[in-house]
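*Asks:*
2 protein chains.
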Amino acid sequence: MVRKTKEEAEQTRKEIIHAARRVFHECGVSHSTLEKIAKAAGVTRGAVYWHFQDKAELFFAMREDVFAPMVERTDAYLLSERFENPLDAIEASITEFFRVLEDSAVVREVFEIMISRCEYVGEFTSVEEEIGRPAYDFLAKIERVYRQAADKGMLRPGIDPMDAARDTWAFTSGLLHLLLSCQRGSDLSQKVSAMISVHMAMRRIPSV
Amino acid sequence: MVRKTKEEAEQTRKEIIHAARRVFHECGVSHSTLEKIAKAAGVTRGAVYWHFQDKAELFFAMREDVFAPMVERTDAYLLSERFENPLDAIEASITEFFRVLEDSAVVREVFEIMISRCEYVGEFTSVEEEIGRPAYDFLAKIERVYRQAADKGMLRPGIDPMDAARDTWAFTSGLLHLLLSCQRGSDLSQKVSAMISVHMAMRRIPSV
DNA sequence: TTATTTACATACATTCATGAATGTTTATAA
DNA sequence: TTATAAACATTCATGAATGTATGTAAATAA
C-alpha cells in the first residue's frame, strides 16, 4: 500500500504537520530530527521529504495553520462597529486572543514553540520578522481605535492615544510571554481576564 | 607553550566565555558547536572541555556573569529609601534596567540569546525556571512598593496595589521582549524612557 | 633538582542527521 | 488497457559533532 489517493495524501500531510508540532514542542526545533517527526507521524522520512523541502518549510506550514486565523479572529473584534465604546473593542479583542490561547492546546503549543523552543538565527531570522510584523500591526490598529475613543470623549483625559496604545502593546506582549514561558505552577492563567479588565479600566473615564 | 600560569588559565576561561557569547548570539545555542567557540576564542576544543564539562555548563557560566549584577542594580533602586514617593523608586528601577540594556552590548547580547536564540528543552528547561524566578520575584517586590505608595496616599485612588503591580509586571516583560526580538529598524529604544514615564503616570495622583 | 600536575592540543571512535538516489506499488489519465 | 506519474519506503554516501583518550610542555610543589 504505497500509492495513496489525493485525499489520503493530504491526510498524511496534515499528520506530518501535527507530528511536527508535537516533536517541536517536546524537543525544540533544532533538536527535532525529521526521523523523529516521521516516526511520530507513522511514516518514514521519505514521506516528509515528499511533502516538504526541509525542516524550515515544515515549520512554516505548521505556523501558518495557526497564526493567520488567530489574527483574523482578534481583528474581527478590534475593527467591529458594534461597540459604542472603542475601548470595549480593544478589551474584547485582547480577551479573545487569550481565550483562544487558553482553550486551544494546538494554538498554545505553536505559540510556545515560537516563543521558547525555536532559535531565530539563519533561515529562521525571517520568522522573527513574521512575528514582529503582526505585533507592529497590532500597535497601529489599537492606536487608531484609541484615537476613536479619544474623539468620542471616552478616553480618560490627559492620556494620549498613542501613549495608551504603546502601553497596551507592551502589556499584551508581556502577558503572552509570562503566560507561556514562566509558568511555574502559578495560577496566572486564571488572572488573565481580570488583568486585562484592570489594564483597560485605567484608561476609561472614572465613573465617580 | 602549553602549560600556563593560573592567571593565564583564568584569562583563557574568560575568553572562552566571551567567545561563547558571540557564537551563541550569531548561531543560536544549539547550532553553536564547541569547535566554533574554541576557534573564536583562539583555542582548541581541548581547552573548552578542560574548563567546562559541556555546552550547557558553558552557557550557565556566560549567563551568570551578567544576570546576577543586573538584579542587584535594579533592586538597589527598587528597595532604596531615598525616594519619598515609592512610585519614583519603581520608575527609577525599571528605567535603570533598560538603561543598562541600552548601554551594555554584552548584557544585551546575553538577553537576546536567552530570549530568541535558545531552546528551552531538555537540560535547558531549568534555565527557563531560572529566568522565571526573577520575574516572579520582581512582581512580589513591586507589589510591596505599590502597597507602600498606597499607604502613603500616593497611588491614584481606585487602583489596587496588586493590580498595579501585575500590570507593571506585564508591561516590563513585554517591553523587554519587544525591544529585543521585534527590532525592525524601529526607533522603539528611543521611546523606552517615555513609555515608562507614561506607564507610571497613569497610576500617580492626577496633578489637577 | 626532580616528580607531579596543570593546561591545554591532537587524534580517534562513534553516533547522528541529512540529502540524494533508487525502488515499489498503485491511482489515474489517455 | 497501458503508460505515466504520484506517494511514498528503503538504502546509501557523506559530513558533522560529540566525548574520550592520549600526548606534551611548562609551572609548581617537594
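As they're listed, the protein sequences go chains A and B. Under our numbering, the letters of the first sequence match residues 120 to 327, in that order. Under our numbering, the letters of the second sequence match residues 120 to 327, in that order. Backbone N, C-alpha and C fix where the C-beta goes; we use that ideal spot for every residue, glycine too.
1) Under DSSP, the alpha helix (DSSP H) around C146 (chain A) begins and ends at which residues?
2) If the criterion is Cβ atoms closer than 8 Å, does the pair E238 (chain B) and S199 (chain A) meet it?
3) What number of angstroms, rounded off, separates the C-alpha of Q267 (chain A) from the C-alpha of A313 (chain A)?
4) If you check the beta carbons only, do I232 (chain B) and F143 (chain B) fall under 8 Å apart?
5) Near V226 (chain B), what residues of its chain come up, given a Cβ to Cβ distance below 8 Å and the 5 sequence neighbours on each side ignored?
6) Is there a C-beta anywhere in chain B that falls below 8 Å from the one on D286 (chain A)?
7) Let me know the secondary structure DSSP gives L198 (chain A) once reduced to three states.
8) Check whether the stretch 251 to 259 of chain A touches the stretch 276 to 291 of chain A, counting contact only when three or more Cβ pairs, one atom from each stretch, lie closer than 8 Å.
9) For a test of the three-state rule: what should DSSP assign to R323 (chain A), helix, strand or coil?
10) Between Y239 (chain B) and chain A, is the shortest Cβ-Cβ distance under 8 Å, so that the two count as touching?
11) Name, please, each residue of chain B whose Cβ falls closer than 8 Å to the Cβ of T223 (chain A).
12) I'd like to know whether the C-beta atoms of L206 (chain B) and M281 (chain B) end up nearer to each other than 8 Å.
13) Could you tell me whether any Cβ in chain A is nearer than 8 Å to the Cβ of S292 (chain B)?
14) In chain B, which residues lie with their C-beta within 9 Å of the C-beta of G272 (chain A)?
15) Quick one: measure Cβ to Cβ for R164 (chain A) and L177 (chain A), integer angstroms, because I've assumed they're closer than 8 Å.
16) State the beta-bridge partners of L307 (chain B) as determined by DSSP.
17) Given P325 (chain B), which residues of its chain have a CB within under 8 Å of its CB, disregarding the five upstream and five downstream residues?
18) Which whole runs of the beta strand (DSSP E) in the stretch 192 to 239 of chain B are 3 residues long or more, in chain order?
19) Along chain B, in chain order, which residues have C-beta atoms closer than 8 Å to that of S300 (chain A)?
20) Starting from F243 (chain B), trace the alpha helix (DSSP H) in both directions and tell me its first and last residue.
21) Return no unless some Cβ of chain A is closer than 8 Å to the Cβ of M181 (chain B).
*Replies:* According to the structure data:
1) Taken as a continuous stretch (DSSP letters only), the alpha helix (DSSP H) holding C146 (chain A) covers K125 to C146.
2) No, they are not a contact pair.
3) Each residue's alpha carbon lies about 24 Å from the other.
4) The answer is yes: Cβ separation under 8 Å.
5) Residues V185, M189, V219 and L220 of the same chain have their beta carbon placed closer than 8 Å to that of V226 (chain B), with the five preceding and five following residues left out of the count.
6) Interface residue, yes.
7) Coil.
8) As far as the Cβ criterion goes, the stretch 251 to 259 of chain A touches the stretch 276 to 291 of chain A, which means the pair count is three or higher.
9) Assignment of R323 (chain A) by DSSP, reduced to helix, strand and coil, places it in the strand class.
10) Interface residue, yes.
11) One detail in the question is off: residue 223 (chain A) reads as Ser in this sequence, not Thr. Residues of chain B passing the Cβ test: none, with the nearest at roughly 21 Å.
12) Going by C-beta atoms, L206 (chain B) is not nearer than 8 Å to M281 (chain B).
13) Yes, because at least one Cβ of chain A sits closer than 8 Å to the Cβ of S292 (chain B).
14) Neighbours of G272 (chain A) in chain B, taken as residues at a C-beta separation under 9 Å, are lacking, since the least C-beta distance is about 17 Å.
15) With 8 Å as the limit, R164 (chain A) and L177 (chain A) do not qualify as a contact, their Cβ atoms being about 12 Å apart.
16) Partner(s): none; L307 (chain B) has no beta bridge.
17) Cβ contact annotation for P325 (chain B) (same chain, cutoff 8 Å, sequence separation greater than five): R275, in chain order.
18) Runs of the beta strand (DSSP E) inside the stretch 192 to 239 of chain B: none found.
19) Those are Y239, E247, I250 and G251, listed as they occur along chain B.
20) Element bounds for F243 (chain B): n/a, residue is neither H nor E.
21) Not one chain A Cβ lies under 8 Å of M181 (chain B).
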